[in-house]
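Report on one structure; see the data block that follows.
In this note's numbering, the protein residues as written are 5 to 169.
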């Protein structure tokens, strides 16, 4: 009987080791300025410069995988009216990033708003987290992102933000 209890305790302890609490990683989105649409003639919409901070609220290093150039692939929006605008990449490979305890990792990019937003819309960006141990040499980051997106797994949402400009 004691052996069964020890095994059960071990299983519970081990299963919780790899869990990532969503409040361990905070996401803040800051719209910094409205951009001239002349710069984006090939697209319709309104464009904004954005700063996205991933903040590590733990006492240990957080590691995550993203692509070296098209980091936007890890992100989704709470509405189809807006998304992060990607870029053309000469080189684009998986890269392991890290955030030190109490520090932040910043992404700077462009948000495209395809249609008029309702002022009451609660806008959020979601980050699909791929932890350090979820990928190894030869793995396809895009496949992992797609699987997580389809299962709605390990998506960490930003605090709500507004676009008033």
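Cβ coordinates follow ideal geometry from the N, Cα and C atoms, glycine included.
All of these numbers come straight from a predicted model, not from anything done at the bench.
- Using a threshold of 9 Å, state whether the C-beta atoms of residue 135 and residue 158 are closer than that. Taking the first residue of the chain shown as 1, we reach residue 135 at position 131. Taking the first residue of the chain shown as 1, we reach residue 158 at position 154. In this structure, residue 135 places its C-beta atom within 9 Å of the C-beta atom of residue 158.
- What does DSSP give as the partner residues of residue 113 in its beta bridges? Residue 113 sits at position 109 when you count from the first residue of the chain shown. Checking the DSSP bridge columns, you'll see residue 113 partnered with 54.
- Query: Alpha carbon to alpha carbon, what distance is there between residue 29 and residue 23?
  - Reply: For the purposes of this step, residue 23 is identified with residue 19 of the chain shown, where counting begins at 1. For the purposes of this step, residue 29 is identified with residue 25 of the chain shown, where counting begins at 1. Reliability of the predicted coordinates at residue 23 is poor, the pLDDT of 46 falling under 50, and the value obtained from them is presented with this limitation in mind. The C-alpha of residue 23 lies about 13 Å from the C-alpha of residue 29.
- Just the C-alpha distance for residue 145 and residue 153, rounded to the nearest angstrom, thanks. Counting from one through the chain shown, the residue named residue 145 turns up at place 141. Counting from one through the chain shown, the residue named residue 153 turns up at place 149. One C-alpha to the other measures close to 12 Å.
- May I ask whether a heavy atom of the ligand SAM can be found less than 8 Å away from the beta carbon of residue 67? Ligands displayed in this structure: none; no statement on the ligand SAM is therefore possible.
- Task: Specify, as a first and last residue, the run of the beta strand (DSSP E) that residue 70 falls within.
- Result: In the chain shown, residue 70 corresponds to position 66, counting from 1. 66-71 is the span of the beta strand (DSSP E), which, as asked, contains residue 70.
- For the beta strand (DSSP E) holding residue 86, just list the boundary residues, first then last. Numbered from 1 along the chain shown, position 82 holds the residue referred to as residue 86. Judged by DSSP secondary structure, residue 86 falls within the beta strand (DSSP E) whose first and last residues are 86-88.
- Query: Does DSSP put residue 136 in a helix, a strand or coil?
  - Reply: By one-based count along the chain shown, residue 136 stands at place 132. In this structure, residue 136 counts as helix in the three-state DSSP scheme.
- Task: Count the other CB atoms, across all protein chains shown, that sit within 10 Å of the CB of residue 162; report buried if there are 16 or more and exposed otherwise.
- Result: Within the chain shown, residue 162 is the residue found at index 158, counting from 1. Taking a 10 Å sphere around the C-beta of residue 162, we find 16 or more other C-beta atoms and assign the residue as buried.
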